[in-house]
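One structure below.
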Amino acid sequence: MRIIMHADLDSFYASAEEARKELKGRPIVVCMFSGRTEDSGAVATANYLARAAGIHAGMPIVNAKRMAEEKKLDAVFLPADMDYYRMLSSKIMDLMQIYADKFEQRSIDEAYMDVSSKVAYEKAAESANIIKGEIKNNFGITCSIGIGPNKLIAKMASRSKKPDGLTVIKPEDVKDFLFKLPAGKIFGVGTKTKEKLEGMGIRTVEDLSTKGLFELQETFGKKRGLFLYNASRGLDDRPVETVERQQISSIGTLKENTRNPETIKEKLYELAEELHGKLLKEKKNFRSVSVILITENLETHTKSMTLDAATNSLDAIKEKAVQLLDEFLKETPAVLRRCGVRVSSLDDKRHLSLKEF
DNA sequence: AATGATACTCGGC
DNA sequence: TTACGGCCGAGTATCATT
Numbered sequence: 013m014r015i016i017m018h019a020d021l022d023s024f025y026a027s028a029e030e031a032r033k034e035l036k037g038r039p040i041v042v043c044m045f046s047g048r049t050e051d052s053g054a055v056a057t058a059n060y061l062a063r064a065a066g067i068h069a070g071m072p073i074v075n076a077k078r079m080a081e082e083k084k085l086d087a088v089f090l091p092a093d094m095d096y097y098r099m100l101s102s103k104i105m106d107l108m109q110i111y112a113d114k115f116e117q118r119s120i121d122e123a124y125m126d127v128s129s130k131v132a133y134e135k136a137a138e139s140a141n142i143i144k145g146e147i148k149n150n151f152g153i154t155c156s157i158g159i160g161p162n163k164l165i166a167k168m169a170s171r172s173k174k175p176d177g178l179t180v181i182k183p184e185d186v187k188d189f190l191f192k193l194p195a196g197k198i199f200g201v202g203t204k205t206k207e208k209l210e211g212m213g214i215r216t217v218e219d220l221s222t223k224g225l226f227e228l229q230e231t232f233g234k235k236r237g238l239f240l241y242n243a244s245r246g247l248d249d250r251p252v253e254t255v256e257r258q259q260i261s262s263i264g265t266l267k268e269n270t271r272n273p274e275t276i277k278e279k280l281y282e283l284a285e286e287l288h289g290k291l292l293k294e295k296k297n298f299r300s301v302s303v304i305l306i307t308e309n310l311e312t313h314t315k316s317m318t319l320d321a322a323t324n325s326l327d328a329i330k331e332k333a334v335q336l337l338d339e340f341l342k343e344t345p346a347v348l349r350r351c352g353v354r355v356s357s358l359d360d361k362r363h364l365s366l367k368e369f
């Protein structure tokens, strides 16, 4: 039986600021300012004191400030310092790694640990508390940890109690934990699947578990059908393993809304250079290029194309991005607010050169 | 019809 | 004119190939 932990740093950016600025006890709102007007931009994350007042990630900064004022909240609004968060995250990840046989970082603030050979199930909570304590002592940041027999359960366990939570789901308790949840809460079930399930009269995970494998596969296809069948039983055999990044992107806000190709092209070139820098740093080649185009009414559109062979060429990014932009402008009358470039189908350079021979 | 690849959107933080 | 970032991976639709 495997023992898997999922750790999630609590409102990470806000906690990071709290830890270095002695802001304990104050609502903190970390913001991404677009630079267009004074408070143009969105909230990246807010700590729990700010959340209690209704401020949350994704909210326009202006709205968050208005809410804070209305509620007489002594909130502090800070610009996001991504370099600092990345540096801090990497230190914390290094620390967590020590406690794991296998380690899988999922994002800047989340990771899975396979601790099967390190502890027995009964001692897993103790071990998690040690990890929590180390992170707290060394970096002043709390985290929430979930423990279960696999990644699915560990992840859903860590979600179930935040912040500063610790939830252990013993193998024999998996059913009790899962069955009462709405089927839509299964990690990996999106809106469409959820609606489809409701249409079949399936509301809870328990409802889902009564359905046969063949019936689910008929409705959802072989792969997703099997996933749902297993997930409803708390089964998940995906290993904890380091995963390569799948995509890299750079996106930005235009100085003003426009559909002038030259203006947008200039911004895309700038973003392409930035993206290319990241690409070289990661020593990756790409095979697909996308543009991300966000209109004045905040609709997101993407266009992408796949090349015949992998490359890391800056000119290829620029050329294809502009080509995709022109196609978009030709088929849509939209005016743009933001734009971005993305590369995907990434390959390790060394692998690639081997493959070519 | 089934499978994998590609294109595109959604949602979380 | 009430009014919005910058990412990422998951999810889904559709195309291509067999």
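Using this note's numbering, the first residue of the first sequence is number 13, and each one after it goes up by one. In this text, a Cβ means the ideal position worked out from N, Cα and C, and glycines have one as well.
- The stretch 48–68 and the stretch 197–204 do not touch, with fewer than 3 CB-CB distances between them shorter than 8 Å.
- Within the same chain, and ignoring the five residues on either side of residue 92 in sequence, the residues whose Cβ sits closer than 7 Å to its Cβ are 25, 42, 43, 44 and 56.
- Annotation for residue 282: 264 place their beta carbon closer than 8 Å to its own, counting only its chain and skipping 5 residues before and after.
- Going by DSSP, residue 116 is part of no alpha helix (DSSP H) but of the beta strand (DSSP E) stretching over 114–119.
- Annotation: residue 198 is outside any alpha helix (DSSP H) and is labelled neither H nor E by DSSP.
- According to the DSSP assignment, residue 217 belongs to the alpha helix (DSSP H) that extends over 217–221.
- Around residue 192, the same chain offers 216, 217 and 218 as residues with beta carbons nearer than 8 Å, after the five sequence neighbours per side are excluded.
- Taken through DSSP and simplified to helix, strand or coil, residue 25 comes out as helix.
- Residue pairing by DSSP puts residue 302 in a beta bridge opposite 316 and 354.
- In the three-state scheme derived from DSSP, where H, G and I count as helix and E and B as strand, residue 184 is classed as helix.
- Of 225, 131 and 105, the smallest CA-CA separation from residue 122 is found for 105.
- Rounded to whole angstroms, the gap between the alpha carbons of residue 21 and residue 353 is 29 Å.
- Between residue 111 and residue 163, the C-beta gap is not smaller than 8 Å, which leaves the two residues out of contact.
- Rounded to the nearest angstrom, the gap between the Cα atoms of residue 126 and residue 275 is 49 Å.
- With respect to the 8 Å criterion, residue 311 and residue 269 are not classified as neighbours on the basis of their beta carbons.
- Leaving aside the five residues that flank residue 302 on each side, the residues in its chain whose CB is nearer than 6 Å to its CB run, in chain order, 314, 316 and 354.
- In the structure shown, residue 46 adopts coil according to DSSP, grouped into three states.
- Taking the C-beta atoms as reference points, residue 137 is found nearer than 8 Å to residue 178.
- About 7 Å separates the CB atoms of residue 187 and residue 246; that is less than 8 Å, so the two are in contact.
- In this structure residue 261 does not touch residue 300 by the C-beta definition: roughly 11 Å separates them, more than the 8 Å allowed.
- Residue 30 and residue 13 have their C-alpha atoms some 39 Å from each other.
- Listed in chain order, the beta strand (DSSP E) elements of length 3 or more contained wholly in the stretch 77–147 are 88–91, 114–119 and 122–126.
- The bridge partners DSSP lists for residue 307 are 348.
- Residue 261 sits in a strand when the DSSP states are folded into three classes.
- For residue 58, the uninterrupted beta strand (DSSP E) segment begins and ends at 53–58.
- Between the stretch 277–297 and the stretch 340–354 there are three or more C-beta pairs closer than 8 Å, enough to call the two in contact.
- The beta carbon of residue 62 sits closer than 7 Å to those of 39, 40, 41 and 87, all from its chain and outside the five residues before and after it, given in chain order.
- Cβ-Cβ distances below 6 Å link residue 346 to 307 in the same chain, with the five nearest sequence neighbours on each side left out; the list follows chain order.
- A Cβ-Cβ contact shorter than 8 Å links residue 70 with residue 54.
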